[in-house]
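Below you'll find the structure, written out as structure tokens, and then a few comments.
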Amino acid sequence: MGVCLLERSRFNRRSRQLIWLVQIIRQAINTQISPNNIVIIDSFPLSLCQPVRNHRAHVFNELADIGYNSSKHHLWFYGFKVHMLVTLSGYILNYVVTPASVHDIRAVDDLLENCSQPYVLADLAYLRHELREQLKQKGYHFQNFVLF
């Protein structure tokens, strides 16, 4: 007795049609979760092809581009970058998808929009004195950390 699953293209179409519902559910849960004083901000690459095809790829050519991922063996990749704001328990509070070349700092304001947690942890990609001062004026305590 096998489970009848949707084919990938049909699943993707249905998922895209329901993104508005996912956003409403996420916003409702945001108001219901217990307040956590600390959030983590970080990003990860969303590669669309193997590095050898970076300059030949045409998928999403109006939206995606080539970016650098220093944490993964210093690889160049073609695609997008996903920036996230999460609680310590791993709950996603907000996310932004940008072209791969967009620096992490450029997504901070969008990620922290309507964020009520005052303490923000971030890796060294967000290490800028100007950013720290800007966030301090908005009531955030910004701390950088290094993962070994």
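Taking this note's numbering, I'd label the letters of the sequence shown as residues 42 to 189. Every residue, glycine too, gets a C-beta built ideally from N, C-alpha and C.
Here residue 127 really is in contact with residue 80; their C-beta atoms are around 7 Å apart, less than 8 Å. Residue 141 is a Cβ neighbour of residue 107, given a cutoff of 8 Å. Residue 52 and residue 46 have their C-alpha atoms roughly 9 Å apart. Residue 67 and residue 153 have their C-alpha atoms some 15 Å from each other. Rounded to the nearest whole angstrom, the C-alpha separation of residue 117 and residue 124 is 17 Å. If you check the CB distance, residue 82 and residue 143 do not come in under 8 Å. In the structure shown, the three-state DSSP call for residue 132 is coil. Taking C-beta atoms under 8 Å as the contact rule, residue 146 and residue 172 qualify, at a distance of about 6 Å.
Rounded to whole angstroms, residue 96 and residue 109 show a C-alpha spacing of 14 Å. When the beta-carbon positions are compared, residue 100 and residue 121 stay at least 8 Å from each other. Distance check between residue 169 and each of 184, 155 and 179 places 184 closest, using alpha-carbon atoms only.
Residue range 170-178 is occupied by the alpha helix (DSSP H) that includes residue 170.
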